[in-house]
């Protein structure tokens, strides 16, 4: 037996957890990120201060940011590792809820350890306690329940072992993973207990690669080999399961073009003759043309978000779906034929089951033709020379600077859509855009997580001014910890994507511009702000200057912010020729809104329920 406090036991347990897949073992927790207050400093704070190096502690500047950092770390680690996050009770805890929602929506494992109210209740109500007249057992941590895949409150030391093991089960299960919350009452954290030594023994969690059920595989192969115009939609599951080589082998052997979701971008590298690029509302015209004509869609590791399906208008009404996914919930979508399995194992089995079948050479040739046509549009967008610099030209310059070892990170605004269309990925891991939750403020914090997980890669953070203003403070964390980021801060004095959307639905760009009360520009200098936070700042004024700045940033050892003003009203990116469902007011006095309503109703008529059985 070992006598430790509850918090000390948590830290020792986390340090002993390992994951294994394909014979490779690694620590599951790369560290613990935290901000301390009265609700966790005596417990988790004291435990981390005396824990040694097996569970490194990292100081964050914002609780939401620390969860974004953990989620990005998990994604960059293909969900085989993550970070734990500790906060006090009160606003420190509730600040993590947005990050928890993002992690769960994106199917990424993060462990949240918020402090909680006294389990003994001897001094209630304590500072920051939410009093609920219905029950003394309610705290703000109950808000985590809907955004957590597992939630527990440890009111007694005896409850801790089962809670920790349950948390690890969920965190290491690809079909169940997401945010896990263990609420730790502040008095319990400091309470001592005699723990069985087995709790702290090195424990390896084996990440399964389930294979498809034989009958389901036969049905899937029968449907696929009957297809005349098949299309693969590659989602994040392809990358998380490290199935990119299996995808390439299947696509080449059977002549099936591949379109990619936001999370799946990079599943095939740019330049592959079957890589159609992005699909859906922010897709390429090549991918969307094949999507409209496909008779069988093979979804691999995708959850079919509304952007992927262009709000269910991009696929033909009579298209049939074969959905290979480790999660049955996602495999069942669009009335698909369910192939519940690991993406790599499922693709290998499908390849064998479809042996001898292939699309005609003309089908592959058409894919190559449409890819070339889209590439020409991207070349033209990248080559625009303007003042201010166009956003497309910014992306092109960063894409060139990233090379084979770079990774771009972005989240909300107009850039994720432009990146999905334009970015030319070198392979898996080179493209990291959080678009499941589209959370402003993710970018710099996410960049920290990527760099901590993959320090050998150059991390290029693309962030707009709106998102930067929500969570710029993690620049301080990067500077303080010596974590090098290349941050490209694109300032268009407002919200470009929502501005265009607002205009299209008759809302007249209300609230989408940053301007003074007299309508003039704000006297705000974001570059100076970045410098005040400790970053080296460069201010290029042309595309040529931008390329030089990126080269200098790559050569530097410290975090560099490259400040680039752009035009909020410019729309210099080629159209995806697809739609996104955003309702328009049914009653309006302006011609613009009435016109938008007519267009909306026309597009609504093109939506398909996709309810037909798969065979």
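Numbering (the working numbering), first residue to last: 12 to 626. From the three backbone atoms N, C-alpha and C, an ideal C-beta is built for every residue, glycine too. The model shown is predicted, which means the values in this text are computed figures rather than measured ones.
Residue 155 carries a helical assignment under DSSP once its states are collapsed to helix, strand and coil. DSSP, read as helix, strand or coil, puts residue 474 in strand. Selection 482, 455, 341, 432 evaluated against residue 472 yields 455 as nearest (Cα-Cα). Taking C-alpha positions only, residue 317 is separated from residue 188 by approximately 22 Å. Looking at the backbone, the Cα of residue 532 and that of residue 223 are separated by about 58 Å.
Shortest Cα-Cα distance from residue 409 to any of 555, 123, 524 involves 555. Fully contained in the region 27 to 88 are the following alpha helix (DSSP H) runs of length 4 or more, in chain order: 57 to 60, 74 to 87.
Taking each of 502, 283, 119 in turn and checking the Cα distance to residue 400, the smallest one comes out for 502. Residue pairing for residue 349: DSSP places it in a beta bridge opposite 334.
With 16 or more other CB atoms across the displayed protein chains lying within 10 angstroms of its CB, residue 451 is buried. Residue 576 has its alpha-carbon roughly 11 Å from the corresponding atom of residue 397.
The Cβ neighbour count for residue 383, taken over all protein chains shown within 10 Å, is under 16; the residue is labelled exposed. Here residue 90 really is in contact with residue 185; their C-beta atoms are around 6 Å apart, less than 8 Å. Around the beta carbon of residue 35, fewer than 16 other beta carbons sit within 10 angstroms, so the residue counts as exposed. The three-state secondary structure of residue 357, taken from DSSP, is helix. Annotated three-state conformation of residue 271 is strand, per DSSP. Under the 10 Å beta carbon count, residue 466 is surrounded by fewer than 16 other beta carbons and is classified as exposed. Remark: C-beta atoms of residue 343 and residue 335 do not approach each other more closely than 9 Å. About 17 Å separates the Cβ atoms of residue 353 and residue 259, ruling out a contact at the 8 Å cut-off. By the Cβ neighbour-count rule, residue 115 is buried, with 16 or more other Cβ atoms within 10 Å of its own. Non-local beta-carbon contacts of residue 92 in its own chain, meaning distances under 8 Å to residues more than five positions away in sequence, involve 30, 37, 38, 39, 40, 41, 84, 85, 464 in chain order. Of all alpha-carbon atoms in 22, 27, 197, the one lying nearest the alpha-carbon of residue 44 is that of 22.
Cβ contact annotation for residue 607 (same chain, cutoff 7 Å, sequence separation greater than five): 515, 516, 517, 595, in chain order. Residue range 372 to 393 is occupied by the alpha helix (DSSP H) that includes residue 390. Beta-bridge partners of residue 206 (DSSP): 13.
In the DSSP assignment, residue 196 falls within the beta strand (DSSP E) that extends over 190 to 196. Taking C-beta separations shorter than 7 Å and ignoring five residues to either side along the sequence, the partners of residue 99 in its chain run 47, 48, 49, 50, 51, 126, following chain order.
One thing to note: residue 332 has its Cβ within 9 Å of the Cβ of residue 347. Counting only runs of 4+ residues, the alpha helix (DSSP H) found wholly inside the region 398 to 460 occupies 402 to 413, 425 to 433, in chain order.
The beta-carbon distance between residue 274 and residue 321, rounded to whole angstroms, is 17 Å. This is too long to meet the 8 Å contact definition. Per the Cβ contact rule, the region 483 to 491 is not in contact with the region 95 to 114 (fewer than 3 Cβ pairs under 8 Å). Per the coordinates, the alpha-carbon of residue 461 lies some 8 Å from the alpha-carbon of residue 80. Ranked by Cα distance from residue 499, the options 525, 75, 547, 269 are led by 547. In this structure, the CA atom of residue 315 is about 41 Å from the CA atom of residue 545.
Counting C-beta pairs closer than 8 Å gives fewer than three between the region 202 to 216 and the region 268 to 286, which falls short of the contact rule. One thing to note: residue 268 has its Cβ no nearer than 9 Å to the Cβ of residue 112.
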